[in-house]
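Student: Encoded as structure tokens, here's the structure I'll be asking about.
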Amino acid sequence: MSLLNSLLGTVVNDTISDQIATTTGLSKEQTQQAMKMLVPVLMGSLAKNAESDTTQAASINEALNKHDGSILSNINISDLLASDDGKKIIGHILGNKTAAVEQTVAKETNASPSQIESLLKIAGPLLMGTLGKQKAEQGLDLEGLTSLLSNEKQAMKSDSTIQSMIFDFIDQNNDGSIIDDVLNIAGKFFGNKDQK
């Protein structure tokens, strides 16, 4: 199982989705739909950042030393939302595309951008925890981490239509309408997978 699917399994299971929904004011269905859009974009963006810039790769590697995966065994939604860590993580991963992602996912899920911002604050630390745990368990150095992220990227690329659109989006220098296409495809793709 890819790390992406592992993380999706964590954040869209009924127990965690119910907790997130209760805290954010979203329904469980809205929460799950939004997370299925957000997590692939975060994973893909992180992989792209590491691949395209050795300084960013080193920064990601160093940051993961602070995330050992323990967060995954005791997920406290209220604590995640109260902390500034999630917002900082998302800022590093998405940069100036953060607002566009929030607005687009909000539109697709009939949520508010501030509610999607809350979901990102939850998803960011969980993503870092998932990667940090893998890094620690495998004893990965910078080269190993970059390879891991590259493998995740390749897994996403071979996982149906979502692949090319995700990475077209990530490669964009602006916040064009392709974001709508990416997130629509992500939502439809993962939604269809659930129905199989």
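So the sequence shown is residues 92 to 287, counted in our numbering.
Beta carbons: idealized from backbone N, C-alpha and C, even for Gly.
If you draw a straight line from the C-alpha of THR106 to the C-alpha of LEU240, how long is it?
Tutor: Residue mapping note: residue 106 aligns to position 15 of the sequence shown, counting from 1. Residue mapping note: residue 240 aligns to position 149 of the sequence shown, counting from 1. Taking the straight line from one Cα to the other gives about 28 Å.
Student: With a CB to CB cut of under 6 Å and the five nearest residues on each side skipped, what residues in its chain are close to THR221?
Tutor: Working through the sequence shown from its first residue, we reach residue 221 at position 130. So the qualifying residues of the chain are LEU94, LEU98.
Student: Give me the residue from GLY100, HIS158, ALA125, LYS226 with the minimum Cα distance to SER203.
Tutor: Here the question's residue 203 lines up with position 112 in the sequence shown. Nearest C-alpha to SER203: ALA125.
Student: What three-state label does DSSP hand HIS183 in the structure shown?
Tutor: By one-based count along the sequence shown, residue 183 stands at place 92. DSSP places HIS183 in helix when its eight states are reduced to three.
Student: How many Å lie between GLN123 and VAL103 at the Cα?
Tutor: Counted from its first residue, the sequence shown places residue 123 at position 32. Counted from its first residue, the sequence shown places residue 103 at position 12. Each residue's Cα considered, the two are about 5 Å apart.
Student: When burial is assigned at 16 or more other CB atoms within 10 Å of the CB, is THR195 buried or exposed?
Tutor: By 1-based counting over the sequence shown, the position of residue 195 is 104. When all chains shown are included, THR195 counts as buried.
Student: Based on Cα-Cα distance, which residue from THR114, SER238, MET247, LEU233 lies nearest to ALA154?
Tutor: Position 63 of the sequence shown, counted from the first residue, corresponds to residue 154. The shortest Cα separation from ALA154 among THR114, SER238, MET247, LEU233 belongs to LEU233.
Student: Going by C-alpha distance, which of GLY215, ASN187, THR200, GLY235 is nearest GLY116?
Tutor: One-based indexing of the sequence shown puts residue 116 at position 25. Closest by alpha carbon: THR200.
Student: Tell me, to the nearest whole angstrom, how far the beta carbon of LEU172 is from that of SER209; I am working on the premise that it is less than 8 Å.
Tutor: Residue mapping note: residue 172 aligns to position 81 of the sequence shown, counting from 1. Residue mapping note: residue 209 aligns to position 118 of the sequence shown, counting from 1. Confirmed, about 6 Å.
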